[in-house]
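As structure tokens, the structure follows; a few thoughts come after it.
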Amino acid sequence: MTVRPATLDDLPRLMGWAEKFLEYHPLTSQFPHDLLAVETMLRRLIEGEDAALLMHERGAIGGSTAPMWCSPDVRVANELFWWSEANGIGLMKAFEAWATERGAQVVNMVMIVGRRDVSPIYDRAGYTPVELSYMRAA
Numbered sequence: 005m006t007v008r009p010a011t012l013d014d015l016p017r018l019m020g021w022a023e024k025f026l027e028y029h030p031l032t033s034q035f036p037h038d039l040l041a042v043e044t045m046l047r048r049l050i051e052g053e054d055a056a057l058l059m060h061e062r063g064a065i066g067g068s069t070a071p072m073w074c075s076p077d078v079r080v081a082n083e084l085f086w087w088s089e090a091n092g093i094g095l096m097k098a099f100e101a102w103a104t105e106r107g108a109q110v111v112n113m114v115m116i117v118g119r120r121d122v123s124p125i126y127d128r129a130g131y132t133p134v135e136l137s138y139m140r141a142a
């Protein structure tokens, strides 16, 4: 499957995947979600200079780059979401390539706890676990 940058014309398909992702993600059972806000975020990833939304026929990955909080000379690419029904590794590799092209020295990928364990994929790709986030309603 060929990975390419998403365009605004892809928004209907991307929104369909976003709705599936929201059903899958445990956070959305605790907090309401706003599909207009999701669409706005997707538009920003498509149009943003330091952002990317890459896709193929069966999935998408989105993220952005920014200076590292403790070392501003180091640029970090942060994955925001990764949804794929097939060839997810192709999306990850395309995101890594995009990050390198944007000058990122670090790529940060995330995993939803309690769902499919993708840590073996990250391990094989050379990633190291660095944090585990905890969340509760305030």
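In my numbering, the protein residues as written are 5 to 142. Note that beta-carbon positions come from the ideal geometry of N, C-alpha and C, so glycine has one too. Given the structure is predicted, the values throughout are model-derived calculations rather than measurements.
Worksheet entry | At least 3 beta-carbon pairs within less than 8 Å: the segment 87 to 99 vs the segment 55 to 71 | Taking 8 Å as the limit for Cβ pairs, the verdict is that the segment 55 to 71 does touch the segment 87 to 99.
Item to complete: Measure the C-alpha to C-alpha separation of N82 and D13 and round it to an integer number of angstroms.
Response: Straight-line Cα distance between these residues: approximately 24 Å.
Item to complete: Would you list the residues sitting across from S88 in a DSSP beta bridge?
Response: Beta-bridge annotation (DSSP): S88 is paired with G63.
Worksheet entry | Terminal residues of the beta strand (DSSP E) in which V111 lies | First-last of the beta strand (DSSP E) with V111: 110 to 112.
Item to complete: Find out if the Cβ-Cβ distance for the pair Q57, L40 is shorter than 8 Å.
Response: For the record, residue 57 in the displayed sequence is Leu; it is not Gln. At the C-beta level, L57 and L40 stay beyond 8 Å of one another.
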